[in-house]
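The next block holds one structure in the form of structure tokens; read it before the comments.
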Amino acid sequence: MAAPAKVSEIQKLKQGFPQQAGVCLAVIAAIHILPKSHDPRDTFRLLFTVAYFGAALALLYLINKPRAVYMKRIYELQYAEGGPALEQTWRMYLAALNRCCSIVSYLLLAFVGANAVSILSKWMSAFSVLDPVATLAWWGSLAGIVLFPKWGKGYLSDVLQKRRMLQESVETSDFQPRNIATLEAEQDVPKGPPVELAGDRAFIAGGFKWSWDDFFKNCVIFGMSGTGKTVCVLNALLDGLMLSTHRSQKPPCAGLVLDPKGDFKKKIGTVCRKYGRERDIVIINPASQSETIRWNPLDSQDDELEIASRFAAALESVNGQGGDKDKFWIDSAKKFIRHAITLLRITNATGEPPTFAQIGGLAGSLKTVYNTCYWIADDDPRGDQCLAYFADEWADLANETRTTIQAFITNMIDPFLMAPYDTVFAGRSTMTVAEMIDDGKILYVYMPIAEKEAMSKVICTFVKMEYYREVLKRPDKDRPSFFLCDEFQVYFTAMPGKGDSDFFERSRQSKHANIIATQNYPALMKAAGDKDSVVNNLLGNCGVKIFLRNTDDKTNDYASKIFGQKLVAMASSNVSAGAGKNAGSAGASASRQYDQKVRPEEFIGLAVPSDREVHNYAETIVHLASRSAVSKEKLRWRMHTLQD
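Note that this note's numbering has the sequence shown beginning at 284, numbered continuously upward.
Following this line, the structure appears as structure tokens:
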């Protein structure tokens with residue numbers, strides 16, 4: 284597979300063989316046209332003669348190797364997406380053409396050189412000693428040129444056959460080679476700012492017009508580390524979403540940003556200040572009491588089962604989502620938490636939500652359970668089921684079973700009992716997720732996994748799932764919202780019925796966009812416990828798939844597969860040489876077959892941003908299935924650092 288052309292390569296190609304050959308032809312034509320003295324001894328006539336033969340010899344040299352190099356690169360670019368079958372065909376054609384051109388150019392070199400020696404010997408006697416050799420070369424080359432159509436018939440026939448075979452291969456394939464103008468346009472980096480407004484809830488990024496409707500059908504971005512996944516693509520999309528709703532007559536967007544690396548903290552501030560939305564930033568950051576809001580995951584209007592399901596998802600996130608060995612314990616913990624929340628909602632003071640400390644206390648002591656149940660009012664209908672669970676099921680569990688369930692619960696809750704989590708995630712919430720969505724807030728959770736990986740997974744899972752729930756509770760809302768997450772595999776939830784793929788299936792009706800980025804396909808598989816059905820379901824719900832450079836075979840194979848196949852022609856040929864009546868022959872045949880529209884190796888060669896090289900962009904191949912017709916777009920995204 285040919286390497287991608289850089290921005291300047293097309294210009295360099297134009298300045299190479301075509302320009303040099305043009306100069307030689309111009310010199311030859313000018314010498315023919317310019318008036319010359321009839322005196323054979325005239326100095327200027329000598330200079331013209333030397334220049335004439337020099338240009339002719341240079342032109343014949345260019346026709347050989349420089350022309351071959353030029354044509355090879357041009358065909359590589361024109362047929363870059365044609366696949367191996369077409370690549371083999373055009374390489375066979377060029378090989379035949381090069382053989383033929385090489386023979387002809389050497390014959391012409393000998394002919395022109397012999398003429399040059401013969402003519403220059405009239406000015407310089409030193410050339411006279413070469414006259415016998417020049418005469419022999421002249422007659423020999425002339426004979427070769429005159430007889431070439433006969434003795435070189437096999438070579439000529441081979442070129443014509445290969446050329447015809449290439450044309451037929453293109454005509455019978457679902458592929459059209461690109462011309463130089465198209466190549467040059469494709470290699471250009473979009474001018475202007477990295478992000479531009481393009482209408483109501485629409486923007487241009489990567490030189491392409493995007494709309495919120497594209498992202499309502501979800502977007503996934505694949506790219507290995509250092510390919511510009513964040514600095515080129517995610518930054519531009521975040522800026523574009525904010526820009527396109529800032530200038531709209533409709534309400535500005537709400538959003539949730541999760542970032543396991545902590546890179547987006549300054550960016551969120553920058554982009555919100557840029558559009559006058561500083562007051563819309565809401566941050567959960569336990570490390571900064573002055574910056575963070577207080578947010579209690581248990582302070583929610585959702586029912587106990589819904590909140591308990593979030594606990595279960597958080598437990599799976601921390602303990603791994605692949606094994607069935609923990610399923611019983613997680614389901615048992617979920618059941619306990621459900622009834623514990625019910626008990627605390629009944630017995631707590633009015634307006635006081637349950638806390639992690641209270642649930643931990645109930646899980647750790649039967650006595651605490653009995654003491655709390657004592658305060659259930661006799662006429663409260665919610666208490667019967669709650670009492671039945673604790674008295675008839677929880678208390679009767681074998682000690683070993685109950686201890687294991689307690690361990691699952693307390694291991695997750697224990698960090699919430701220590702500073703600063705005991706204050707940030709307890710009591711009444713400063714603002715609920717529902718209020719954030721309704722008021723158009725941008726919620727950012729700053730909990731880098733490098734500092735507290737387990738807590739980061741737990742909190743972000745809680746936040747994400749409540750955000751999902753509140754979005755789905757608002758079908759046909761007017762205010763658009765988005766979820767943006769870098770290194771999504773860290774927070775990937777695969778729990779049946781509560782997983783990310785379940786939400787992605789239904790969020791479009793709520794005018795909600797999901798934009799997630801990950802390094803490769805195996806990263807998602809690992810997070811999902813090697814359940815390919817879960818990963819494929821998630822990706823199947825993403826109408827926009829953006830692929831940057833990747834060296835992972837499984838990712839590239841997946842990317843290549845979704846673009847489908849095209850019809851190509853597999854060519855074969857044979858050529859024989861001879862003399863006399865059997866002066867050579869050539870034959871060709873072609874069989875049609877299917878090949879990938881985008882070969883896996885094409886993703887390896889995509890350009891990446893680099894401070895050491897000229898280009899400051901990332902190349903992407905986009906599978907756009909969010910519109911009426913599925914299309915492939917090859918885009919270049921400029922670096923967009925989102926700095927003040």
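Backbone N, C-alpha and C fix where the C-beta goes; we use that ideal spot for every residue, glycine too.
Handout entry: Backbone CA spacing between I624 and G482 [nearest angstrom]
Key = Straight-line Cα distance between these residues: approximately 48 Å.
Exercise for the section: Closer than 6 Å by C-beta to I659: which residues in its own chain qualify, once you throw out the five before and the five after it? Chain order, please. Expected result: Hits under 6 Å: I629, G666.
Problem - 7 Å Cβ cutoff met for Y707 and T575 - result: The question names Tyr, yet the displayed sequence has Val at residue 707. Pairing V707 with T575 gives a Cβ-Cβ distance under 7 Å.
Practice task
Would you kindly work out how many angstroms separate the C-alpha atoms of F846 and D840, rounded to a whole number?
Solution key: C-alpha separation (whole angstroms): 10 Å.
Practice task
Please state if the CB of N803 and the CB of F787 are separated by a distance shorter than 7 Å.
Solution key: Not in contact: F787 and N803 (Cβ atoms no closer than 7 Å).
Exercise for the section: Give me the Cβ distance between V478 and D542, rounded to the nearest whole Å; I'm assuming they're in contact under 8 Å. Expected result: The pair is not a contact, with the Cβ atoms about 19 Å apart (cut-off 8 Å).
Handout entry: Unbroken stretches of the beta strand (DSSP E), 3 residues or longer, contained in the region 750–837
Key = If we require 3 residues or more, the beta strand (DSSP E) runs fully inside the region 750–837 come out as 764–768, 795–801, 827–830.
Problem - Delimiting residues of the alpha helix (DSSP H) encompassing V387 - result: Where V387 is concerned, the enclosing alpha helix (DSSP H) stretches over 366–403.
Exercise for the section: Assign I551 to one of two classes, buried (16 or more other C-beta atoms within 10 Å of its C-beta) or exposed (fewer than that). Expected result: I551 counts as buried, since at least 16 other C-beta atoms from the protein chains shown sit within 10 angstroms of its C-beta.
Problem - First through last residue of the beta strand (DSSP E) which encompasses F269 - result: Look at the range of the chain in this structure, 284 to 927, and you will see that residue 269 is not part of it.
Exercise for the section: Give the secondary structure of T633 by DSSP, where H, G and I count as helix, E and B as strand, and everything else as coil. Expected result: For T633, the three-state secondary structure derived from DSSP is coil.
Practice task
Pair every Cβ in the region 335–347 with every Cβ in the region 388–395, then say whether three or more of these pairs are closer than 8 Å.
Solution key: Verdict: yes, contact present.
Exercise for the section: Leaving out five residues on either side along the sequence, give the residues of the same chain with a beta carbon under 8 Å from the beta carbon of E749. Expected result: The beta carbon of E749 sits closer than 8 Å to those of P580, S583, D585, R593, V716, all from its chain and outside the five residues before and after it, given in chain order.
Practice task
Flag this pair as touching only if the region 878–892 and the region 362–370 have three or more C-beta atom pairs under 8 Å; answer yes or no.
Solution key: Cβ pair count under 8 Å is three or more, so yes.
Exercise for the section: Identify the continuous alpha helix (DSSP H) that holds A417 and give its terminal residues. Expected result: In the DSSP assignment, A417 falls within the unbroken alpha helix (DSSP H) covering 414–434.
Practice task
Using beta-carbon positions only, say whether A737 and V913 come within less than 7 Å of one another.
Solution key: For A737 and V913, no; Cβs fall outside 7 Å.
Practice task
Just the C-alpha distance for I566 and L726, rounded to the nearest angstrom, thanks.
Solution key: Going by the C-alpha atoms only, they are around 6 Å apart.
Practice task
Report the three-state DSSP secondary structure of I567 (helix, strand or coil).
Solution key: DSSP, reduced to helix, strand and coil, places I567 within a strand of the structure shown.
Practice task
For the region 482–501 and the region 447–464, state whether three or more C-beta atom pairs, one from each stretch, are separated by less than 8 Å.
Solution key: With a cut-off of 8 Å, the region 447–464 and the region 482–501 do not count as touching, because too few Cβ pairs lie within range.
Practice task
Take P460 and list the residues in its own chain whose beta-carbon comes closer than 6 Å to its own, dropping the five residues that flank it on each side.
Solution key: Hits under 6 Å: Q361, Y362.
Exercise for the section: Could you tell me how far apart the beta carbons of D761 and K533 are, in whole angstroms, since I believe they sit closer than 8 Å? Expected result: The Cβ separation is near 6 Å, so the contact holds.
Exercise for the section: Mind checking who F505 pairs with in its DSSP beta bridge? Expected result: F505 pairs with T801, F830.
Handout entry: Where L724 sits in the DSSP three-state scheme
Key = As written in the sequence, residue 724 is Lys, which differs from the Leu given in the question. Shown here, K724 sits in coil according to DSSP, grouped into three states, outside any helix or strand.
Problem - For I904: DSSP bridge partner residues - result: Paired residues: F830, K917.
Exercise for the section: Take every Cβ of the region 727–735, pair it with every Cβ of the region 502–517, and state whether three or more of those distances are shorter than 8 Å. Expected result: Counting C-beta pairs closer than 8 Å gives fewer than three between the region 727–735 and the region 502–517, which falls short of the contact rule.
Problem - Supposed close pair C515, Y751 - CB separation, criterion 8 Å - result: That belief does not hold up - the Cβ atoms of C515 and Y751 are roughly 28 Å apart, past 8 Å.
Practice task
Specify whether the region 645–659 and the region 688–695 touch according to this definition: at least 3 beta carbon pairs, one from each stretch, less than 8 Å apart.
Solution key: Yes, the region 645–659 is in contact with the region 688–695.
Exercise for the section: Go through its chain and collect everything with a Cβ distance to I613's Cβ below 8 Å, but skip five positions before and after it. Expected result: The beta carbon of I613 lies closer than 8 Å to those of A595, L598, E599, N602, F691 in the same chain, with the five residues before and after it left out.
Handout entry: P779 classed as buried or exposed, judged by whether at least 16 other C-beta atoms fall within 10 angstroms
Key = The residue is exposed, with fewer than 16 neighbouring Cβ atoms inside 10 Å.
Handout entry: Every unbroken alpha helix (DSSP H) inside the region 681–724 [4 residues or more]
Key = Taking only runs of at least 4 residues, the alpha helix (DSSP H) segments lying wholly in the region 681–724 are 682–696, 704–707, 716–722.
Exercise for the section: Answer yes or no: do A341 and N381 have a C-beta to C-beta separation smaller than 7 Å? Expected result: No, they are not a contact pair.
Problem - Through-space distance from F775 to D785, alpha-carbon basis - result: Those two C-alpha atoms are separated by around 12 Å.
Exercise for the section: Measure the Cβ-Cβ separation of F639 and V652 and say whether it is below 7 Å. Expected result: With contacts defined as CB atoms closer than 7 Å, F639 and V652 fail to qualify as a contacting pair.
Practice task
Name the two residues that bound the continuous beta strand (DSSP E) containing E589.
Solution key: Not the beta strand (DSSP E): E589 falls in the alpha helix (DSSP H), residues 587–602.
Handout entry: Cross-strand partners of Q303 (DSSP beta bridge)
Key = As far as DSSP is concerned, Q303 takes part in no beta bridge.
Practice task
Assign L670 to one of three DSSP states: helix, strand, or coil.
Solution key: Helix at L670.
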